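**Student:** After the structure tokens below, expect a handful of questions from me.
Numbering (our numbering), first residue to last: 274 to 373.
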């Protein structure tokens, strides 16, 4: 895949990036190099390679998910919270319909 000046200008317009005169023409070879590199990556044989999210092994430090751990914010106060709502429907906040 390759891009031309019109494609660069279209992408810049969609991304709301202002380009000065000559910048679009200068970006054409740079973007074509990037796309060529991405095509090269697609040619690499990765069969048997496990996907990874980082180059070092990471484990997430998670806390236990305990309901009502904090008496002030732990939950079980639905009726008290919904008492302040302008409209409550079926135990949830009622909001006006935005999309028809």
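By construction, the Cβ of each residue, glycine as well, lies at the ideal position given by its N, Cα and C atoms. Note that the coordinates shown come from a computational prediction; the quantities given were computed from them, not determined experimentally.
Measuring straight from C-alpha to C-alpha, what distance separates residue 327 and residue 369?
**Tutor:** Approximately 43 angstroms, taken between the alpha carbons.
**Student:** In whole angstroms, what separates the C-alpha of residue 283 from that of residue 289?
**Tutor:** Their Cα atoms are separated by approximately 10 angstroms.
**Student:** CB-CB under 8 angstroms to residue 367, same chain, minus the five flanking residues each way: which ones, in chain order?
**Tutor:** Excluding sequence neighbours, residue 367 sits near 358, 359, 360 and 361.
**Student:** What three-state label does DSSP hand residue 361 in the structure shown?
**Tutor:** Here residue 361 sits in strand by DSSP.
**Student:** Here's a check: name, in chain order, each residue in its chain whose Cβ is nearer than 6 angstroms to the Cβ of residue 285, leaving out the five neighbours to either side.
**Tutor:** 292, listed in sequence order.
**Student:** Can you find the residues in the same chain that come closer than 6 angstroms, C-beta to C-beta, to residue 308, ignoring five residues on each side of it along the sequence?
**Tutor:** Excluding sequence neighbours, residue 308 sits near 274.
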